[in-house]
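Engineer: Listed in order, the protein sequences are those of chains A and B.
First residue of the first sequence: 1, per our numbering; consecutive thereafter.
First residue of the second sequence: 233, per our numbering; consecutive thereafter.
Protein chains: 2
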Amino acid sequence: MDSSVLRNVSMFSVLNDKELSKIYSFSTPKSLDKGEMVFFETEPYLGFYVVVEGCIKIFKIKGDGREQIIHFVHPYGTFAEVPMFEQYEKILNDQFTYPANAMATEKDTKVLLIRSGLFYELLRKNHEISLKMLGALSKRLRHLNNYIETRMKDIPHRLAEFLVQECRRSGGSDIHKVEIEITKHDLASYLGTIDETLSRTFKKFQDDGLIQMKGKFVTITDIKKLLRIAEE
Amino acid sequence: MDSSVLRNVSMFSVLNDKELSKIYSFSTPKSLDKGEMVFFETEPYLGFYVVVEGCIKIFKIKGDGREQIIHFVHPYGTFAEVPMFEQYEKILNDQFTYPANAMATEKDTKVLLIRSGLFYELLRKNHEISLKMLGALSKRLRHLNNYIETRMKDIPHRLAEFLVQECRRSGGSDIHKVEIEITKHDLASYLGTIDETLSRTFKKFQDDGLIQMKGKFVTITDIKKLLRIAEE
DNA sequence: GAAATGGTTTGACTTAAGTCAATACTGAAG
DNA sequence: CTTCAGTATTGACTTAAGTCAAACCATTTC
Numbered sequence: 001m002d003s004s005v006l007r008n009v010s011m012f013s014v015l016n017d018k019e020l021s022k023i024y025s026f027s028t029p030k031s032l033d034k035g036e037m038v039f040f041e042t043e044p045y046l047g048f049y050v051v052v053e054g055c056i057k058i059f060k061i062k063g064d065g066r067e068q069i070i071h072f073v074h075p076y077g078t079f080a081e082v083p084m085f086e087q088y089e090k091i092l093n094d095q096f097t098y099p100a101n102a103m104a105t106e107k108d109t110k111v112l113l114i115r116s117g118l119f120y121e122l123l124r125k126n127h128e129i130s131l132k133m134l135g136a137l138s139k140r141l142r143h144l145n146n147y148i149e150t151r152m153k154d155i156p157h158r159l160a161e162f163l164v165q166e167c168r169r170s171g172g173s174d175i176h177k178v179e180i181e182i183t184k185h186d187l188a189s190y191l192g193t194i195d196e197t198l199s200r201t202f203k204k205f206q207d208d209g210l211i212q213m214k215g216k217f218v219t220i221t222d223i224k225k226l227l228r229i230a231e232e
Numbered sequence: 233m234d235s236s237v238l239r240n241v242s243m244f245s246v247l248n249d250k251e252l253s254k255i256y257s258f259s260t261p262k263s264l265d266k267g268e269m270v271f272f273e274t275e276p277y278l279g280f281y282v283v284v285e286g287c288i289k290i291f292k293i294k295g296d297g298r299e300q301i302i303h304f305v306h307p308y309g310t311f312a313e314v315p316m317f318e319q320y321e322k323i324l325n326d327q328f329t330y331p332a333n334a335m336a337t338e339k340d341t342k343v344l345l346i347r348s349g350l351f352y353e354l355l356r357k358n359h360e361i362s363l364k365m366l367g368a369l370s371k372r373l374r375h376l377n378n379y380i381e382t383r384m385k386d387i388p389h390r391l392a393e394f395l396v397q398e399c400r401r402s403g404g405s406d407i408h409k410v411e412i413e414i415t416k417h418d419l420a421s422y423l424g425t426i427d428e429t430l431s432r433t434f435k436k437f438q439d440d441g442l443i444q445m446k447g448k449f450v451t452i453t454d455i456k457k458l459l460r461i462a463e464e
């Protein structure tokens, strides 16, 4: 791992090699096994992260111990940027913590911790990157906005939306085949439900002729009906 | 109304009088009666707003027609900034819309529409204000983060949290008396429930001795129990 | 002051989805 | 290849909260 990984981070596209090397020099690489925590919600804030390899899930734990996944971060995506700006807005720098939990969902996950202090100094000097950060935060806001909208719907709606979205991501082929790359448990958690309900909803879709399931693959057999459920 | 109202907007604190006048000169004041829409979710994006007088509720409509209030904006607060940054991030400027609905909740509400195009040009030239915007967006993200957390809880939790929060806002007095300034319907909508359930939850709290209700006022009679419900 | 309107409460009933428990399936490890 | 751990499915039952309807209360309008 070296500073060339940072070239793939869209937020850093306005930076030159020297600047990327500087950021890298005050960063800390971390390797994680599947299931290993990057940080807990209660931990003091050190900086934000870039995913280099593997996948990270960002999640909260409810009062009853259940998990709610907010999003998954894939290579070259970033997470935990927000406290950096709030921290610097505050006059009293009281112990700042992370706003959620982060865990590796794959073996051999690699992330890079970018220390907030020095990064923020860079941001203060470089107008271009602060504008890029505005773009990145606005995308995050858009995602949370959509998330809230989705959470207002019932579980079949949520699953239909997820399937339609995954279908769009895998291309324009006529054969609508989707690979569910995460565990059913994590999918249930992401959709804000429990394993049992997810299982039942998949089965209902299958019994109603909308999909066919084989292992990790879901073939959508009636895209129109599925779209209707997703959009209603 | 003149440009001096902008002096109260914390985001603009780094701007001088000349700059405030310039922003004001490409802005549009609007007066609204109670219940009047500022914008619908489907409308093309023109710019963001500052509340000068009165109150605005930002809300979404669910598939079944029910309303979900995301937040209320009071004087000198801003709303609808986010699309501005996304718009400029896109290469193709396809018709951008507002991400939610906005409506006046009080008579004689006054807002100021700040046009996005010229404002963004100002932002590109003034590093200080782009850093201020980063702070503002991060606060918005923090609010949505807390909102998602709250939405994971059941209705008694949500109401208890709301009451505790309102109690804290009205000062450190030993007598915990809260004025509910919005309609019970809007409160239900904000807490993600319906009038009936809100009414029942208030009544249960009252029957259990946690609160006493008189018109728009709620006196908290057992703050410890209420805190326990809020925090559990 | 009476009527209309808007806001709120209450009761009976229904429903989506969660809880708990047991069983089945799949892939990895030895 | 067998065993085991992790993952997923299924059934019976429960619950939080929503739906529908009616009644009540408070404020505004004429």
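Just so you know, even glycine gets a beta-carbon here, dropped at the ideal spot from N, CA and C.
1) Going by the CB atoms, is the gap between residue 315/B and residue 330/B shorter than 8 Å?
2) How would you list, in chain order, the residues of chain A whose beta-carbon sits under 7 Å from the beta-carbon of residue 300/B?
3) Rounded to the nearest angstrom, how far is the Cβ of residue 48/A from that of residue 81/A, given a contact under 8 Å?
4) Please decide whether residue 9/A counts as near chain B, where near means a Cβ-Cβ distance under 8 Å.
5) Give the straight-line distance between the Cα atoms of residue 239/A and residue 181/A, rounded to the nearest whole angstrom.
6) What's the call for residue 276/B, buried or exposed, on a 16-neighbour Cβ count within 10 Å?
7) Using a 10 Å radius around the Cβ and a threshold of 16 neighbouring Cβ atoms, would you call residue 245/B buried or exposed?
8) Hey, does residue 25/A have any beta-carbon neighbour from chain B nearer than 8 Å?
9) Tell me, please, whether the CB atom of residue 317/B is closer than 8 Å to any CB atom in chain A?
10) What residue from 338/B, 262/B, 343/B has the CA that sits closest to residue 310/B's CA?
11) Select from 426/B, 395/B, 400/B, 420/B the residue whose C-alpha is nearest the C-alpha of residue 437/B.
12) So is residue 92/A in contact with chain B if we call contact Cβ pairs under 8 Å?
13) For residue 336/B versus residue 238/B, is the C-beta distance shorter than 8 Å?
14) Can you name the start and end residues of the alpha helix (DSSP H) that residue 369/B belongs to?
15) Check whether the stretch 49-66 of chain A and the stretch 123-141 of chain A are in contact - that is, three or more C-beta pairs closer than 8 Å.
16) For residue 101/A, would you say it is in contact with chain B, using Cβ-to-Cβ distances shorter than 8 Å as the test?
17) The stretch 350-383 of chain B: which residues have C-beta closer than 8 Å to a C-beta of chain A, in chain order?
18) Quick check on residue 305/B - is its C-beta less than 8 Å from some C-beta in chain A?
19) Taking C-beta to C-beta, are residue 283/B and residue 305/B nearer than 8 Å?
20) In chain A, what lies closer than 7 Å to residue 294/B by C-beta?
21) I need the boundaries of the beta strand (DSSP E) containing residue 113/A, first residue and last residue.
22) Use the C-beta contact count for residue 143/A: other C-beta atoms within 10 angstroms, 16 or more gives buried, fewer gives exposed.
23) DSSP three-state call for residue 80/A: helix, strand or coil?
24) In the structure shown, what three-state DSSP assignment does residue 155/A receive?
Structural biologist: Reading from the atomic positions:
1) yes
2) 152
3) 4 Å
4) no
5) It is not possible to answer for residue 239/A, since the shown part of chain A is limited to 1 through 232.
6) exposed
7) exposed
8) no
9) yes
10) 343/B
11) 395/B
12) Note that residue 92/A scores a pLDDT of 37, beneath 50, so its modelled location is shaky and nothing firm can be said.
13) no
14) 359-383
15) no
16) no
17) 355, 356, 359, 362, 363, 365, 366, 367, 369, 370, 371, 372, 373, 374, 376, 377, 379, 380, 381, 383
18) no
19) yes
20) 152
21) 109-115
22) exposed
23) coil
24) helix
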